[in-house]
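Chemist: The following block contains the structure, expressed as structure tokens.
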Amino acid sequence: MSNIQEKIEKELEQAREACDTSGSTSGECAAAWDAVEELQAEAAHQKGTGSEPKNSLEKYCDDNPDAAECRIYDD
């Protein structure tokens with residue numbers, strides 16, 4: 161995960177430089193910030209797909225999917 165954070169830091173630096181050089185309304189500035197946003201989205205995705213341990217109710221429902229406590233109601 162630290163590797164993607166390093167990439168984000170580098171892209172942030174480049175985006176700031178691009179906006180300082182080309183102006184905040186330039187296409188180069190916008191593209192640089194798009195790259196930052198893409199990396200941040202990827203970092204969030206990687207964080208969200210981690211294998212978090214299941215709590216006791218989730219384990220119970222895996223073993224007993226028909227139990228009243230495990231029912232899922234559609235709105």
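Going by our numbering, the sequence shown opens with residue 161, and the numbers climb by one from there.
The beta carbon of each residue, even a glycine, is placed where N, CA and C say it ideally should be.
For residue 181, does the three-state DSSP call read helix, strand or coil?
Modeler: Here residue 181 corresponds to residue number 21 of the sequence shown, with the count starting at 1. Helix.
Chemist: Mind the definition here: the stretch 192 to 202 touches the stretch 221 to 235 only if three or more C-beta pairs lie below 8 Å; say whether that holds.
Modeler: no
Chemist: State buried or exposed for residue 175, treating a residue as buried only when at least 16 other CB atoms are found within 10 Å of its CB.
Modeler: By one-based count along the sequence shown, residue 175 stands at place 15. Residue 175 counts as buried, since no fewer than 16 other beta carbons sit within 10 angstroms of its beta carbon.
Chemist: Using CA coordinates, which residue listed in 227, 202 and 216 is at the minimum distance from residue 166?
Modeler: Counting from one through the sequence shown, the residue named residue 166 turns up at place 6. Out of 227, 202 and 216, 202 has the C-alpha closest to the C-alpha of residue 166.
Chemist: Compare the C-alpha of residue 178 against each of 205, 188 and 226 and name the closest.
Modeler: To locate residue 178, count along the sequence shown from 1; it is residue 18. Closest option to residue 178, Cα to Cα, is 188.
Chemist: Taking the alpha carbon of residue 169 as the point to measure from, which residue in 213, 186, 198 and 227 has its own alpha carbon closest?
Modeler: Against the sequence shown, residue 169 aligns to sequence position 9. Per the Cα distances, 198.
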